[in-house]
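Undergrad: So the sequence lines, in the order shown, correspond to chains A and B. No gaps in the numbering here: position 225 of the first sequence is 267 in the working numbering, and each next residue is one more. No gaps in the numbering here: position 335 of the second sequence is 342 in the working numbering, and each next residue is one more. For each residue, glycine too, the CB sits at the ideal point set by N, CA and C. Let me give you the structure first, and then I'll get to my questions.
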Amino acid sequence: MKAAHIALVIDDEKQIRRLLRLALESADHQVFEAETGQAGLSEIVHRRPDVVLLDLGLPDMEGIKVLRRLREWTRVPVLILSVRDDPEEKVAALDAGADDYVTKPFDTAELLARVRVIQRRSLVETGQPLFECGPLCVDLAARHVTLGGAEVKLTPTEYALLRILVQHAGKVVTQKQLLRTVWGEKAESQAQYLRVYITYLRKKLQPNADFPRLIKTEVGIGYRLATEV
Amino acid sequence: MVLKSQLFDAGVAPMRLDSLREADRAGSEGDARVKSASAKEYAMAAVGVSLVTLACWLLTAVTGYGAIALIFLLGVVLAGMVLRRGPVLLVAALSAVSWNFLFIPPLFTLHIAKFQDALMFATYFVVAIAIGSLTSRLRAREQWEREREQRATALYRFAQKLAAAPSLEMALTFAADHINELLGVTATIFTQGNVPYGGRVFPIKNLTTSFGSLQVKRSGSGTLTSNETQLLEAFADQLATVIERERLKQIAAQAQLTVEAERLRKTLLDCVSHELKTPIAAIAAASQELQRNPELSRQLANEIQHGSRRLNRVVNNLLDMTRLESGVVQPKLEWCDVLELLQGAIEAEEEALRGHEIHLSVSEDFPLALLDHSLLEQALAKLLANAGSYTPTHLPIDIAAGFTNEQLILSVCDRGPGLPEDAERVFEKFYRANGSKTGGLGLGLSIARGFVEAHGGKLTALNRETGGACFTVALPVQQTERSALETVS
């Protein structure tokens, strides 16, 4: 039986590669491995993977360099694996074109969910205007938001914020990206606006404890809209 | 008695210094002019003899020339009390000659006619010389005693000043100042390096070790008197004692530090090996069991997961501690939602807080604060983990936030057994409360404090009146009202 997707794992730790192979194969991926950045880059050319899992600490070159090199010619989805809990490193990787990240030690279920999300074509690409997650339903075409069937009234800023999160649902969206899109280039470092409006948005989308947490904060990085609850 | 009163009379130091200096000067002048035997004193001797002779000349008619000898002898004794040895001898000789020349018949010759007069003259001469030299020797001795006493006093004051100094550097400065003030010189103390040329140099050393040098310069061409030299030698010895004592103190402190470091290392090793090996043992045993008993996979996988989480927590704590100790923790300030920060910390410690109700009193429109979200959230999480593990199940944990005096105040209050008598101990590394139920390195609160301090804040612990402990973070941060940030777009 031929697997649905091809995944390339670039990591120097054999044990991690072995475990990722087990997990990815169980999720219907054909898995190739590379131990170094150089080998990884040439494997991308040869194997044409549908998703790349890239470790940031490689023996021959830094993972972020590998990422920049491959972004020069391919848009293949890249998931960063990192041992360091350092937001700056992750933001740098996301700015360099990574699609998402997981921190080691990672939860396999979470890892597979990330792999699934970054491979899915975005709503814009599929021309699908409807986003649904639990009680939340966002119709991008009609600019209409409902929660448990009831209409939610959003201000233009709140809506603009929600729209970007919906367009990247399941993926982390950096603060910079959100600020730039909603408030413009000049506001890129004005995180305080984001804090205030995320609070408003949350208040409207999860009015009490009975509603699930839809917008998750990634401290120091950005926000992530849940795709399933 | 004089010495004693000077020793205990601390209030009049300057006067004493002056008096010492004066005595010192007098002594030094005596020293300097001992060879020229003070012409003034010789003159005084001559004048004295002349006056006594004149008096005798008037008395001789009444008393006869024999008693005159006793008056002259009285003059010699008096001279011995005020003059030096040389002039006294001059007085003795002059008075003998005057007596002979002016009183012993035949008058106005040095010839003595009668044998008994000659005998009297000879006796007089010997007695006068003997009294003269005895009294002046007595005086010299007394002078020497006084100088010694003054030296002892000066030395005592010096030692007292050195002992009062809070550090060795200060002691050396005090010492130099003291010498300068006392002797009117420029003193410099060298504890390392070469002493530049000039002045007198006194080695600062004990029997075995040299600690440096004391260099003393006197402005102009003035030289040091022997008295001053002796005093400075004594000062140098005193300095040697002080420096040596300070060195020994440092060595003792170093040794104490080494012992403490050794104890800490041992605790670290014991603690870390226990905390690392326990989960490893659990993981290893569970995975082996998994191979033998695949039907137990669910429970065993749970064990493995539990073990690896614990391992992860230990490693993270060690890494945090290392980061703090190497001083690389730098807060990255950003406008943060404090409520979100607290919720993040609560979520992160979900497991430790299980079974506890969380009372979170933070208003919804709490201002935004400029701080390092991640750093503070981790600190709060440690406080929550601590509260969770010491509060009995089903009792609530209270979290509050507020702004006072431009400071963000966050508090986590539990209903556990409260703090030990010395509350600060809970922030020590590897401190574990007696009978604490959970495992762990005992690093959590120490790390929390480290994070808060790296952020320029303070973390303190107090017992609540109602039982339990309260941990309070106070951070100087900027705040901004939410309403000010609403945008129209």
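1) Could you tell me which of B/Phe437, B/Val433, B/Arg489 and B/Ala262 sits nearest to B/Thr467, measuring between CA atoms?
2) Just reading off the alpha helix (DSSP H) that B/Ala407 is part of, what are its end residues?
3) With contact counted as at least three CB pairs below 8 Å, one residue from each stretch, are the stretch 277-292 of chain B and the stretch 198-216 of chain B in contact?
4) Can you find a CB in chain B that lies within less than 7 Å of the CB of A/Arg205?
5) So what's B/Ile365 in DSSP terms, helix, strand or just coil?
6) Taking the alpha-carbon positions, what's the A/Ile48 to A/Ala140 distance?
7) Taking the beta strand (DSSP E) that B/Leu417 belongs to, which residues open and close that run?
8) Take every Cβ of the stretch 359-374 of chain B, pair it with every Cβ of the stretch 388-408 of chain B, and state whether three or more of those distances are shorter than 8 Å.
9) Counting contacts by CB-CB distance shorter than 7 Å, is B/Gln486 in contact with chain A?
10) Helix, strand or coil for B/Pro210, going by three-state DSSP, please let me know.
11) Chain A beta carbons: is any one of them nearer than 7 Å to that of B/Leu375?
12) Do you know offhand how far B/Gly73's Cα is from B/Phe108's?
13) Per DSSP, which one or two residues make a beta bridge with A/Asp97?
14) So that I know if they touch, is there some Cβ in chain B lying closer than 7 Å to that of A/Ala233?
15) My output table needs one value for B/Thr60: the three-state DSSP class, helix, strand or coil.
16) Are the CB atoms of A/Leu96 and A/Ile122 nearer to each other than 7 Å?
17) What does the Cβ neighbour count give for B/Asp421, buried or exposed, with the cut at 16 atoms within 10 Å?
18) Near B/Ile353, which residues of its chain fall below 7 Å by C-beta distance, leaving aside the five closest residues on each side in sequence?
19) Would you give the residue range spanned by the alpha helix (DSSP H) that A/Asp137 belongs to?
20) Rounded to whole angstroms, what is the Cα-Cα separation between B/Gly463 and B/Pro338?
21) Which of the residues in the stretch 306-318 of chain B, read from start to end, lie with their CB under 8 Å from any CB of chain A?
22) Rounded to whole angstroms, what's the CA-CA distance from B/Ile196 to B/Leu264? Just pull it up for me.
23) Measuring CA to CA, which of A/Leu267, A/Lys228 and A/Leu153 is closest to A/Arg205?
24) Can B/Ala52 and B/Leu114 be called in contact, C-beta distance under 7 Å?
25) For B/Gly219, which of helix, strand or coil comes out of DSSP?
26) Can you name the start and end residues of the beta strand (DSSP E) that A/His71 belongs to?
27) Just mark B/Trp106 as buried or exposed, buried being the case when its beta carbon has 16 or more other beta carbons within 10 Å.
28) Helix, strand or coil: how does DSSP classify B/Asp16 here?
29) Tell me whether B/Gln485 sits in a helix, a strand or coil according to DSSP, three-state version.
30) What residues from chain B crowd round A/Gly176, counting only those whose CB sits closer than 9 Å?
31) Which value, in whole angstroms, describes the spacing of the CA atoms of A/Pro129 and B/Val369?
32) Can you pull the chain A neighbours of B/Leu391, defined as C-beta to C-beta under 7 Å?
33) If you reduce the DSSP assignment to three classes, tell me which class A/Arg156 lands in.
34) What residues match up with B/Ile196 in a beta bridge as DSSP calls it?
35) Note down, in chain order, each residue of its chain lying with its Cβ closer than 6 Å to the Cβ of B/Gly34, except the 5 sequence neighbours on either side.
36) Just by C-beta distance, which residues in the stretch 146-171 of chain A are closer than 8 Å to chain B?
TA: With the structure as the only source:
1) For the purposes of this step, residue 467 of chain B is taken as residue 460 along the second sequence, with counting starting at 1. Measuring from the Cα of B/Thr467, the nearest candidate turns out to be B/Val433.
2) The sequence position of residue 407 of chain B within the second sequence is 400, counting from 1. Note, B/Ala407: premise wrong, no alpha helix (DSSP H); beta strand (DSSP E) at Ile404 to Thr411.
3) no
4) Within the first sequence, numbered from 1, the residue matching residue 205 of chain A stands at position 163. Chain B contact via Cβ: absent.
5) The residue you call residue 365 of chain B lines up with position 358 of the second sequence. Strand, per DSSP.
6) For the purposes of this step, residue 48 of chain A is taken as the residue at position 6 of the first sequence. For the purposes of this step, residue 140 of chain A is taken as the residue at position 98 of the first sequence. Computed Cα separation, rounded: 18 Å.
7) For this step, residue 417 of chain B is matched to residue 410 along the second sequence. First-last of the beta strand (DSSP E) with B/Leu417: Gln414 to Cys420.
8) yes
9) Translated into positions along the second sequence, residue 486 of chain B becomes position 479. No, its Cβ sits nowhere closer than 7 Å to a Cβ of chain A.
10) If you number the second sequence from 1, residue 210 of chain B lands on position 203. If DSSP states are grouped into helix, strand and coil, B/Pro210 belongs with the strands.
11) Reading the second sequence from its first residue, position 368 is the one you call residue 375 of chain B. Judged by the 7 Å Cβ criterion, B/Leu375 is in contact with chain A.
12) For the purposes of this step, residue 73 of chain B is identified with residue 66 of the second sequence, where counting begins at 1. For the purposes of this step, residue 108 of chain B is identified with residue 101 of the second sequence, where counting begins at 1. Straight-line Cα distance between these residues: approximately 13 Å.
13) In the first sequence, counting from the first residue as 1, residue 97 of chain A sits at position 55. DSSP, once it has assigned bridges, lists A/Leu123 as partnering A/Asp97.
14) As a position in the first sequence, residue 233 of chain A is number 191, starting the count at 1. Yes, contact with chain B.
15) Here the question's residue 60 of chain B lines up with position 53 in the second sequence. Helix, per DSSP.
16) Taking the first residue of the first sequence as 1, we reach residue 96 of chain A at position 54. Taking the first residue of the first sequence as 1, we reach residue 122 of chain A at position 80. It is a contact, given that the beta carbons lie within the stated cut-off.
17) Along the second sequence, one-based indexing puts residue 421 of chain B at 414. B/Asp421 should be labelled buried.
18) Residue 353 of chain B sits at position 346 when you count from the first residue of the second sequence. Leu360, Ile365 and Leu391.
19) Translated into positions along the first sequence, residue 137 of chain A becomes position 95. Unbroken alpha helix (DSSP H) run through A/Asp137: Pro129 to Asp137.
20) For the purposes of this step, residue 463 of chain B is taken as the residue at position 456 of the second sequence. For the purposes of this step, residue 338 of chain B is taken as the residue at position 331 of the second sequence. Each residue's Cα considered, the two are about 9 Å apart.
21) Ser315
22) Mapped onto the second sequence, residue 196 of chain B falls at position 189. Mapped onto the second sequence, residue 264 of chain B falls at position 257. Distance between the alpha carbons of B/Ile196 and B/Leu264 is about 30 Å.
23) Counting from 1 along the first sequence, the entry for residue 205 of chain A is found at position 163. Of the listed residues, the one whose Cα sits closest to A/Arg205 is A/Leu267.
24) The count along the second sequence starts at 1 and reaches residue 52 of chain B at position 45. The count along the second sequence starts at 1 and reaches residue 114 of chain B at position 107. Their beta carbons are not under 7 Å apart, which means B/Ala52 does not touch B/Leu114 by this criterion.
25) In the second sequence, the residue the question calls residue 219 of chain B occupies position 212. Here B/Gly219 sits in strand by DSSP.
26) Locating residue 71 of chain A in the first sequence gives position 29, where the first residue counts as 1. From DSSP, the beta strand (DSSP E) with A/His71 extends over His71 to Ala76.
27) Here residue 106 of chain B is taken as the residue at index 99 of the second sequence, counted from 1. Label assigned to B/Trp106: buried.
28) For the purposes of this step, residue 16 of chain B is identified with residue 9 of the second sequence, where counting begins at 1. In this predicted model, B/Asp16 has a pLDDT of only 35, less than 50, meaning its place in the structure is not dependable enough to derive any value.
29) Walking along the second sequence from the start, residue 485 of chain B turns up at place 478. Coil.
30) For this step, residue 176 of chain A is matched to residue 134 along the first sequence. Ordered by position in chain B, no residue passes the 9 Å Cβ test against A/Gly176, which lies about 18 Å from the chain.
31) Here residue 129 of chain A corresponds to residue number 87 of the first sequence, with the count starting at 1. Here residue 369 of chain B corresponds to residue number 362 of the second sequence, with the count starting at 1. Answer to the nearest angstrom: the Cα atoms are 27 Å apart.
32) Start at 1 with the first residue of the second sequence, and residue 391 of chain B comes out as number 384. Going along chain A, no residue has its Cβ under 7 Å from B/Leu391, so there is no contact; the nearest lies around 16 Å.
33) Counting from one through the first sequence, the residue named residue 156 of chain A turns up at place 114. DSSP places A/Arg156 in helix when its eight states are reduced to three.
34) Working through the second sequence from its first residue, we reach residue 196 of chain B at position 189. Note: B/Ile196 sits in a beta bridge opposite B/Leu221.
35) The sequence position of residue 34 of chain B within the second sequence is 27, counting from 1. The pLDDT assigned to B/Gly34 is 45, lower than 50, so where the model puts this residue is not dependable, and the model offers no usable value.
36) Pro147
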